[in-house]
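For the sequence shown, counting from 1, position 89 maps to 89 in the UniProt record's numbering; every step adds exactly one. We put the beta carbon where it would ideally sit given N, CA and C, even for glycine. Everything below concerns the one structure shown next.
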Amino acid sequence: VFTDVEASLREIRDVLDEDEAEERSLEEAAGKQAVPERPPALAELRRDLEKYLEAHEKASFTNTELHRAMNLHISNLRLLGGPLDTLREALPRPQLSEGG
């Protein structure tokens, strides 16, 4: 899912970038007056895209941090998810000293 979202966002960005580049090229060739005004929906799409790219970047970072934390504690997580007897055996036992 992660790569599908990222690929889709990049594809949308590429299409918008290409459209803007073509518009600039047309303005240079024919003049600004010859180019129709951009629909407000395109500006809204660009804003939404930037918002989604930022949210995706944050989610990606959070996901990476979660994986890192889980990998650090995977043995403990497996121990906690296993049989209770195995967990009890893994716990440290108090060492009582003689005399005191």
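Counting only unbroken stretches of 4 or more residues, the alpha helix (DSSP H) elements lying wholly within the UniProt domain "ALIX V-shaped" (4-93) are 40-72, 74-81, 84-90, in sequence order.
Per the coordinates, the alpha-carbon of ALA7 lies some 10 Å from the alpha-carbon of ASP14. The distance from the Cβ of VAL35 to that of GLU23 is about 6 Å, consistent with a contact at the 8 Å cut-off. In this model, GLN33 and ARG47 are separated by some 25 Å (Cα to Cα).
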